[in-house]
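Notes to accompany the following structure.
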Amino acid sequence: LSVKMVSQQQTKDSASKKLGIVAPQDKSSKEMKSSKKMKFASSSAETEPTSQTTISDDSKTGRGMSTMPRVVKRKLQKVRPIVEYNKMGKGIGQAHIEMQSYIGVLARPRVPLVDKKWSQIPKDVKEQIWEAVDMAFVGGQGGKKSVLASAAKKWKDFKSTLTRHYILPYTNDKEKLSHPPETYKFIEKAQGDAFVASRLSQDFESVHSQHAQIREKLEYNHRLSQKGYAGLEDELEETMPGVEIDRSTLWKRARQDKHGNIPDPKVAKKAKLIVIEVGDYSNMEAPSSLKSLCRYVETTLLPEDKILEFKIDKEVFGSDRDTFLLPEDITQFAGMEEIGASVVAVYMRHLHDVLKQAKMCSMVGFIDPATVSANSGTVAERSRLVATRLQKTDGEQIFMMPYNPGRHWILMIVRAKKETVYFLDPLPGHRVVDEEAKNIVNSAKKIYNSHIGRAGRKAVIWKTLSGTPNQPSSVECGYYVMRFMRDIIMDPSLAFENK
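Residues 28 to 526 in this note's numbering are what the sequence shown spells out, letter by letter.
What follows is the structure in structure tokens.
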């Protein structure tokens with residue numbers, strides 16, 4: 028495994044991905060123009076009263092409580108835009124942008140403007156936000172958890188905006204601070220006064236000063252605004268078909284202006300840094316403990332704005348591939364937070380080394396999770412990739428196939444010769460195989476059987492392993508899947524069926 032430490036260079040473009048629609052016929056021309064970028068689904072749910080699902084306008088001047096009337100109109104018609112996601116599971120497209128805006132419209136006036144943590148906000152308030160969004164959009168991946176996480180961020184951002192623009196600049200103007208800003212007339216005076224008092228306290232001043240110091244250390248800010256990296260990657264995949272969009276390219280493009288230039292000389296210099304070879308993985312002076320690894324991220328990767336680039340040999344997944352780990356990938360791993368396919372793939376590379384040392388490579392193989400999980404292509408494309416991987420063996424191997432149907436990791440163990448797949452899901456009580464995963468494996472089996480010239484069974488035999496340990500909360504699934512793989516290969520007899 029070859030590893031590189033490279034400067035982060037990533038991308039910006041201007042075109043947006045256009046999606047097909049089935050739109051109502053009575054839309055105005057302006058609405059129709061916007062709708063051409065979205066797919067829609069009819070909703071069979073009863074229309075919720077506007078007073079419960081939206082924020083209604085009042086007679087006040089200024090911004091007031093915006094309703095996003097286009098969204099309200101679609102809700103009354105029981106038509107919901109379908110939010111789409113890229114292969115990394117990030118929301119993209121016009122529907123995603125509208126949904127995020129609508130979440131902000133709901134969160135700003137509905138969540139009490141008090142100096143509390145999001146976890147302390149009443150559950151019924153959060154439930155109202157989720158129900159309103161769910162009636163307006165087909166959210167797809169992430170569901171309620173993702174929507175409420177977005178609402179939490181927008182609520183915090185709103186408080187930050189009020190603090191930076193309407194409180195701190197007027198600390199000596201008591202009259203100015205005694206009334207809510209004209210732009211946000213919906214803020215009740217009592218809440219506004221309490222919020223101002225909390226922002227002028229010594230405790231907050233100390234916290235604000237610490238955050239300001241941290242912000243000053245961020246030298247290489249991107250220029251993506253609301254679109255974010257997911258939207259940028261979506262644009263580039265459309266304008267650069269067939270080209271792999273890696274994270275270093277995104278970093279560079281995200282800091283370019285519309286002419287393709289990087290205005291900030293310091294950022295431009297950083298973007299031109301030569302890739303620094305670290306050498307073979309076995310020779311890399313990597314930290315020996317998790318604490319040391321985090322220190323390495325803090326003292327080396329973050330200050331120099333670098334990422335780790337891994338070259339994974341074809342013997343691991345059947346073909347050569349590169350992958351990248353950002354500093355946040357490593358710190359999230361250290362903190363047992365949600366992890367992506369890159370982290371899982373790098374760990375599988377490590378397990379391959381373990382197999383080589385034990386001379387077990389002829390017994391166990393791996394299928395790249397990034398090529399088979401949701402949003403990695405059509406079912407047919409992913410089936411062909413799995414079949415190709417199976418064809419490169421004598422059929423005796425078992426294949427570890429981590430699979431992510433959308434923010435959750437499961438493990439499938441494919442035994443091609445016996446046309447059997449073992450299924451492990453760490454989620455408590457969740458013992459149903461994902462239908463898309465089934466279709467991928469079933470189709471791959473047919474291609475594989477055709478390749479080796481056998482008729483085979485009509486359907487794959489699926490076996491759920493009953494002794495699978497359960498993850499304690501919602502984010503440990505990736506770690507459990509990695510542990511499953513490790514425990515299985517540590518037994519030379521591969522007797523996982525009997526455990």
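Ideal Cβ placement from N, Cα and C applies to all residues, glycine included.
Boundaries (first-last residue) of the beta strand (DSSP E) holding Glu336: Membership of Glu336 in the beta strand (DSSP E) is indicated by the continuous run Lys333 to Ile339.
Which first and last residues belong to the beta strand (DSSP E) in which Tyr193 is found? Looking at the DSSP string, Tyr193 is not in any beta strand (DSSP E), and its letter there is neither H nor E.
Run of the beta strand (DSSP E) containing Phe426, from where it starts to where it stops: Annotation for Phe426: the continuous beta strand (DSSP E) segment containing it runs Ile425 to Tyr430.
Check the C-beta distance from Glu446 over to Val487 and give it rounded, since I have them as a contact under 8 Å. Between the beta-carbon of Glu446 and that of Val487 there is about 6 Å, and that keeps the pair under the 8 Å contact cut.
Would you call Val508 buried or exposed, if buried means 16 or more other Cβ atoms sit within 10 Å of its Cβ? Here Val508 is buried, its C-beta having at least 16 other C-beta atoms within 10 Å.
Between the C-alpha atoms of Ser78 and Ile474, what's the straight-line distance to the nearest angstrom? At Ser78, the pLDDT of 33 sits below 50, so the modelled position is not reliable; the number obtained from the coordinates is stated separately. Using only the alpha carbons, I get a separation of about 55 Å.
Measure the alpha-carbon distance for Gln418 versus Tyr374 and round it to whole angstroms. For Gln418 and Tyr374, the gap between their C-alpha atoms comes out near 24 Å.
Can you tell me whether DSSP reads Trp145 as helix, strand or coil? Helix at Trp145.
Sequence-distant residues of its chain with Cβ nearer than 6 Å to Lys341 (five each side left out): The answer, listed in chain order, is Asp347.
So, are the CB atoms of Ser389 and Gln424 less than 8 Å apart? Taking 8 Å as the Cβ cut-off, Ser389 and Gln424 qualify as a contacting pair.
In whole angstroms, what separates the C-alpha of Glu20 from that of Trp489? Here the chain covers residues 28 to 526 and nothing more, so residue 20 does not appear.
Exposure label - Arg484; buried when at least 16 CB within 10 Å: Answer is exposed; the Cβ neighbour count stays below 16.
Considering just the uninterrupted stretch of the alpha helix (DSSP H) at Arg442, what are its terminal residues? Secondary structure note for Arg442: it is in no alpha helix (DSSP H), and the uninterrupted beta strand (DSSP E) holding it is Ile437 to Arg442.
Span separating the alpha-carbon of Met95 from that of His192: Straight-line Cα distance between these residues: approximately 24 Å.
Return the CA-CA distance between Ser225 and Glu408, expressed in angstroms with no decimal places. Cα-Cα distance, rounded: 56 Å.
For Glu342, does the three-state DSSP call read helix, strand or coil? In this structure, Glu342 counts as helix in the three-state DSSP scheme.
Contact under 8 Å by Cβ, Val391 with Tyr430: No. Outside cutoff.
With Pro108 and Phe164 assumed to form a contact (beta carbons below 8 Å), what rounded beta-carbon distance in angstroms separates them? That pair is a contact at about 6 Å.
Determine the burial state of Ile516: buried for a count of at least 16 other Cβ atoms within 10 Å of its Cβ, exposed for fewer. Answer is buried; the Cβ neighbour count reaches 16.
Grab the span of the alpha helix (DSSP H) containing Lys100 for me, first residue to last. Annotation for Lys100: the continuous alpha helix (DSSP H) segment containing it runs Pro96 to Leu103.
Which word fits Val459, buried or exposed, when buried means at least 16 other C-beta atoms lie within 10 angstroms of its C-beta? Counting the other CB atoms within 10 Å of its CB gives Val459 a total below 16, which places it among the exposed residues.
Please state whether the Cβ-Cβ distance between Pro396 and Val371 is less than 8 Å. Taking a C-beta distance under 8 Å as the contact criterion, Pro396 and Val371 qualify as a contact pair.
Rounded to the nearest angstrom, what separates Val502 and Ala176 at their Cα positions? The alpha-carbon atoms of Val502 and Ala176 are separated by roughly 14 Å.
Span of the beta strand (DSSP E), counted from its first residue to its last, around Lys3: Since the first residue shown for the chain is 28 and the last is 526, residue 3 is missing from the structure and cannot be characterised.
What is the rounded straight-line gap between the Cα of Thr327 and the Cα of Lys333? A direct Cα-to-Cα measurement between Thr327 and Lys333 gives close to 8 Å.
Of all the options Gln283, Lys180 and Ser369, which has the alpha carbon lying nearest to the alpha carbon of Val11? With the chain covering only 28 through 526, there is no way to say anything about residue 11.
Kindly indicate which three-state DSSP category Asp518 falls into: helix, strand or coil? Coil at Asp518, not helix or strand.
According to DSSP, is Phe213 part of a helix, a strand, or is it coil? If DSSP states are grouped into helix, strand and coil, Phe213 belongs with coil.
From Phe360 to Leu352, what distance separates their C-alpha atoms? So the two alpha carbons sit approximately 11 Å from each other.
Can the beta-carbon of Leu382 be found closer than 8 Å to that of Arg513? The Cβ-Cβ distance between Leu382 and Arg513 does not fall below 8 Å.
If you compare alpha carbons, which of Leu451, Ala221 and Thr420 is closest to Ile479? Among Leu451, Ala221 and Thr420, the Cα nearest to that of Ile479 is on Thr420.
How should Leu103 be labelled, buried or exposed, when 16 other C-beta atoms within 10 angstroms of its C-beta is the threshold for buried? So Leu103 counts as exposed.
Rounded separation between Leu492 and Pro519 - CA only: Counting only the Cα atoms, Pro519 lies some 19 Å from Leu492.
With DSSP as the reference, identify every bridge partner of Asp349, one or two as the case may be. According to DSSP, which records beta bridges pairwise, Asp349 is partnered with Lys338.
Round the Cβ separation of Leu204 and Tyr197 to the nearest angstrom and send it over; I've been treating them as touching at under 8 Å. The C-beta distance from Leu204 to Tyr197 rounds to 6 Å, short enough to meet the 8 Å contact threshold.
Using alpha carbons as the reference points, say which of Lys105, Ala464, Leu335 and Glu158 lies closest to Gly404. Just measuring C-alpha positions, the residue of Lys105, Ala464, Leu335 and Glu158 sitting nearest Gly404 is Ala464.
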